[in-house]
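Chemist: What follows is a structure written as structure tokens; I'll ask about it next.
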Amino acid sequence: MQKLTVELGTRSYPILIGDGLIRSMGQHVAPLLKRPRTMIVTDAHVADHYLAPLGASLGMEGISFSSFVLEPGEATKSWAGLARLTEWLIGEGVERGDHVIALGGGVIGDLVGFACSIVKRGCNFIQVPTTLLAQVDSSVGGKTAINVPAGKNLIGAFHQPALVVIDPATLETLPRRDLGAGYAEVVKYGLIDDPEFFGWCEAHGAALLAGDSAARHKAIAHSVAAKARIVAADERETQDIRALLNLGHSFGHALEAETGYSDRLLHGEAVAAGMVLAHQFSAANGLCAAEDAERVRAHLASVDLPHSLASAGVNADGRTLAAHMAHDKKVRGGKLPLILTRGIGQSFVTEDYGLDRVAAFLDA
Ligand code: NAD
Ligand code: GLY
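Sequence positions in the sequence shown follow my numbering and run 1 to 364.
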């Protein structure tokens, strides 16, 4: 088992990584609990595979639990989902000192984290991420949210978990498409500031996606260490450090909006195409070499991720896509900060490029 720490002073917390950890969760949870009782929240797909083994491991430590199984899918991260979950937690008699377990992907993690930030003015929660996206990104860092009709993740809070337990063996049951979407977020860490890791992705990404367990471990541990470092340096995204995690997200956000935030294009798939566009836009503006942009495109294409507007299934014009970007919640003072790059692993935040230039680039 590998152990990392997110360094946030008195709110620091461990991240444990190891195959089979779900089956020994009880040992890691027991020392945190004020009373031998917890609540598990999950979705129906994940419950089929992992609720029983997790429950059994809690039972072995004398911890009683109740469980709440939600509908899988993004629609669960909603006002309705939040209302059902918070009412269930209150009905279960949740106390402020309790630790609620979020067992699932980013949808469950974001929803449970937000519910735990507000129920009884805040209780603790533990992230047990079961998708690659959640294991390398969303389970760490305390961003929690629900979606509302006006947009994704618009209602939320920063609320850090007390513990993150990553069991990479859970990826064995994850559909290949979701694995690919999570892999885009792995590649992102190389492109942000770690060119050597991008080279590792080029060499080992295909094996990881084919199920190579050593490659999965290396990618998860490396990515989550990068995320922990970034969150420790800029927890609330006020210093243009955490903002770098949005590489590919502004372009990707336009593609997700255009495809209706639906199964037509998963979040990680939109990020993949968005990262290519961010590199190509940087090259078109003389910031980075065209060869670097092509390297990024070629790698994502080689693992069957969207790498262009067409392969993302989008044929809208530049003006339409730029209009979606203008609604991004990162807009400040009317300007959208873009994450651009000077080359592989040299990303930076800038407000120097207006959306008119982005629209013209997307039409070219
Ligand atoms: P998800 O939670 O919807 O999971 C994808 C699918 O995989 C679901 O059908 C789920 O039931 C299923 N699943 C999960 N684990 C499984 C397993 N081990 N075996 C079989 N099936 C499994 O999607 P996601 O991609 O994990 O998360 C997407 C969400 O994460 C979005 O809402 C996004 O906004 C959010 N997100 C949050 C952050 C953050 O920092 N908080 C960062 C990135 C993304
Ligand atoms: N996934 C973006 C962040 O955690 O900041």
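Heads up, the beta-carbon is just placed ideally off N, CA and C, and yes, glycines get one too.
Do you know how far the Cα of F65 is from the Cα of I40?
Modeler: When rounded, the distance between both Cα atoms is 7 Å.
Chemist: Measuring CB to CB, does L132 end up less than 7 Å from L171?
Modeler: Yes; because the gap between Cβ atoms is below 7 Å, this pair is in contact.
Chemist: Tell me the start and end of each unbroken alpha helix (DSSP H) in the segment 270 to 303 that is at least 4 residues and wholly inside, in chain order.
Modeler: You should have 290 to 302.
Chemist: Relative to ligand 1, is the shortest distance from any of its heavy atoms to the C-beta of T130 smaller than 6 Å?
Modeler: Yes - ligand 1 has a heavy atom lying nearer than 6 Å to the Cβ of T130.
Chemist: Given the structure, does G174 come close to ligand 1, in the sense that its CB is under 6 Å from one of the ligand's heavy atoms?
Modeler: For the record, residue 174 in the displayed sequence is Leu; it is not Gly. Yes, since a heavy atom of ligand 1 falls inside the 6 Å radius drawn around the Cβ of L174.
Chemist: Report the three-state DSSP secondary structure of R332 (helix, strand or coil).
Modeler: Three-state DSSP puts R332 in a strand.
Chemist: Within the present structure, is the beta-carbon of K218 separated from the nearest heavy atom of ligand 2 by less than 6 Å?
Modeler: Every heavy atom of ligand 2 is 6 Å or more from the Cβ of K218, so no.
Chemist: Let me know the secondary structure DSSP gives L16 once reduced to three states.
Modeler: Note: L16 maps to strand in three-state DSSP.
Chemist: Which of the three DSSP states, helix, strand or coil, is assigned to M1?
Modeler: Three-state result, M1: coil.
Chemist: Looking only at its chain, what residues have a beta carbon closer than 6 Å to the beta carbon of L70, apart from the 5 residues adjacent to it on each side?
Modeler: Here the set comprises D43, T76.
Chemist: In this structure, how does DSSP classify L362 when only helix, strand and coil are distinguished?
Modeler: Looking at L362 - three-state DSSP - the assignment turns out to be helix.
Chemist: Express the C-alpha separation of D292 and R216 in angstroms, rounding to a whole number.
Modeler: Straight-line Cα distance between these residues: approximately 25 Å.
Chemist: So the candidates are G104, D98, V107, L245; which of them puts its Cα closest to the Cα of V119?
Modeler: Closest by alpha carbon: D98.
Chemist: Does G122 come within less than 7 Å of chain C when only Cβ atoms are used?
Modeler: Looking at the structure shown, chain C is missing, and only one protein chain is on hand.
Chemist: Between G211 and ligand 1, is the CB less than 6 Å from at least one heavy atom?
Modeler: No, the Cβ of G211 stays beyond 6 Å of every heavy atom of ligand 1.
Chemist: Going by DSSP, name the residue or residues bridged to T350.
Modeler: Partner(s): L338.
Chemist: Taking C-beta to C-beta, are M25 and S67 nearer than 7 Å?
Modeler: Taking 7 Å as the Cβ cut-off, M25 and S67 do not qualify as a contacting pair.
Chemist: With DSSP as the reference, identify every bridge partner of A424, one or two as the case may be.
Modeler: This structure gives no information on residue 424, because the portion of the chain shown stretches from 1 to 364.
Chemist: Check whether the Cβ of K330 sits closer than 6 Å to any heavy atom of ligand 2, and report yes or no.
Modeler: Not so, every heavy atom of ligand 2 lies at least 6 Å from the Cβ.
Chemist: Whose beta carbon lies closer than 6 Å to any heavy atom of ligand 2, going through the chain in order?
Modeler: Here the list is D137, G141, K143, R242, L245.
Chemist: Quick check: the segment 241 to 260 against the segment 333 to 345, are there 3 or more CB pairs under 8 Å?
Modeler: Touching, per the Cβ criterion.
Chemist: Let me make sure I understand the geometry here. Which of Q160, F197, D194, C201 has the alpha-carbon closest to that of G180?
Modeler: Ranking Q160, F197, D194, C201 by Cα distance to G180 puts C201 first.
Chemist: Helix, strand or coil for N246, going by three-state DSSP, please let me know.
Modeler: Of the three classes helix, strand and coil, the one that applies to N246 here is helix, per DSSP.
Chemist: Where does P175 land, buried or exposed, given buried means 16+ other C-beta within 10 angstroms?
Modeler: Exposed: under 16 other Cβ atoms inside 10 Å.
Chemist: Is the CB-CB distance between L89 and I126 below 7 Å?
Modeler: Contact: no.
Chemist: Can you tell me whether L336 sits near ligand 1, meaning its C-beta is under 6 Å from at least one heavy atom of the ligand?
Modeler: Result no, Cβ not under 6 Å from ligand 1.
Chemist: Hey, how far is the Cα of R319 from the Cα of T350?
Modeler: Near 20 Å, if we compare the C-alpha coordinates of T350 and R319.
Chemist: Counting pairs of beta carbons, one from the segment 189 to 204 and one from the segment 148 to 158, are three or more of them closer than 8 Å?
Modeler: No: the two stretches stay apart, fewer than three of their Cβ pairs being nearer than 8 Å.
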